[in-house]
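Shown next, in structure tokens, is the structure this report addresses.
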Amino acid sequence: MSAGSSDGHADIDPRYDDYNPSTDFVSGSGATITGPGADSVNADPLFVGAAVGDYRIPFNSPALNTGNPAALGLLDSTTDLAGQPRVVGGRRDIGAFEYQHQPPTASIAQDLTSAITGQPVHFNGTGSADPDPGDTLSYSWSFDDGAKASTPTVQHAFTTAGAHVVQLTVTDPTGLSASASASVHVAALTLSSLTQSHVTWALGKGLATITRKSKPRRSRPARRSRSS
62 MSAGSSDGHA DIDPRYDDYN PSTDFVSGSG ATITGPGADS VNADPLFVGA AVGDYRIPFN
122 SPALNTGNPA ALGLLDSTTD LAGQPRVVGG RRDIGAFEYQ HQPPTASIAQ DLTSAITGQP
182 VHFNGTGSAD PDPGDTLSYS WSFDDGAKAS TPTVQHAFTT AGAHVVQLTV TDPTGLSASA
242 SASVHVAALT LSSLTQSHVT WALGKGLATI TRKSKPRRSR PARRSRSS
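Going by the numbering used here, the first residue of the sequence shown is number 62, and it counts up by one from there.
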């Protein structure tokens with residue numbers, strides 16, 4: 062920006078995002094905006110939360126990697142307003158905050174670590190997180206019996222006894238991913254120890270009914286009537 066010392070005239074060359082000379086006006090007189098200048102982008106920067114003062118940018122912001130392409134000068138800060146590296150991806154972003162392009166972390170919570178065959182186990186991946194603002198995660202579950210799922214939470218019943226493993230992979234919108242795994246020990250359901258009669262067990266959605274057979278009663282011989 063250059064300014065005259067006597068007539069109060071200022072020439073402004075804007076280098077910020079979303080300047081539109083056809084709709085943005087100058088208040089007062091004696092000022093001229095000769096923009097948009099180099100490296101300016103006429104588009105919504107998609108701030109994460111401008112209404113609440115959060116001016117960080119997400120992965121799909123047009124301000125990403127569109128700032129000054131020159132290397133940082135001696136007077137340029139090497140960090141952004143949050144104290145993070147100022148240049149990520151080879152070119153600085155437009156704005157006070159640099160998108161850091163960090164990988165997510167994956168986490169699994171489960172309600173059971175041991176179960177019997179056919180018993181559902183609930184797995185929860187919502188503890189997974191991404192440090193970059195505005196990044197939503199996709200979920201991919203893989204069970205060692207071949208089952209798959211793509212929701213943040215899932216339940217699964219193993220049909221065979223033994224040690225089973227489930228793996229969760231979370232992926233952010235830029236393709237960065239992370240994985241976590243959990244294990245469940247599954248015991249076979251045995252009926253040999255059941256001695257009660259007419260016993261019904263509920264296992265998930267299935268029912269197992271065990272009925273003990275009773276021995277047939279012996280018929281008693283008919284009594285002979287005595288004659289008088």
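Built from N, CA and C at the ideal position, the CB exists for glycine as well. For clarity, every value in this text was computed on a predicted model and none was experimentally measured.
- A check of alpha carbon separations from VAL182 across THR251, ARG117 and ALA243 identifies ALA243 as the nearest.
- According to the DSSP secondary-structure assignment, ALA248 is paired through a beta bridge with ILE177.
- Spanning the alpha carbons of LEU237 and THR251 requires a straight line of approximately 45 Å.
- Two segments are said to touch when three or more pairs of C-beta atoms, one from each, lie closer than 8 Å; by this definition the stretch 190-202 touches the stretch 157-165.
- GLN228 is positioned such that its CB atom lies closer than 7 Å to that of SER203.
- Rounded to the nearest whole angstrom, the CA to CA distance from ILE177 to LEU198 is 32 Å.
- Between ALA210 and ALA248, the CB-CB gap reaches or exceeds 7 Å.
- In the three-state scheme derived from DSSP, where H, G and I count as helix and E and B as strand, VAL102 is classed as coil.
- For VAL113, the secondary structure class from DSSP, reduced to helix, strand or coil, is helix.
- DSSP links LEU125 through a beta bridge to no other residue.
- In the displayed model, GLN228 falls within a strand according to three-state DSSP.
- For GLN216, the enclosing beta strand (DSSP E) covers residues 214-218.
- In the DSSP assignment, THR140 forms a beta bridge with PRO146.
- Put simply, the stretch 126-144 does not touch the stretch 108-115. Fewer than three CB pairs are less than 8 Å apart.
- DSSP, read as helix, strand or coil, puts HIS183 in strand.
- Taking the CA atoms as reference points, ASN126 sits about 20 Å from LEU135.
- A direct Cα-to-Cα measurement between ALA218 and ALA170 gives close to 16 Å.
- The beta carbon of THR230 lies closer than 6 Å to those of SER201, SER238 and SER240 in the same chain, with the five residues before and after it left out.
- Short of 8 Å from the beta carbon of PRO146, and not among the five residues preceding or following it, lie these beta carbons of its own chain, in chain order: THR139, THR140, GLU159 and GLN161.
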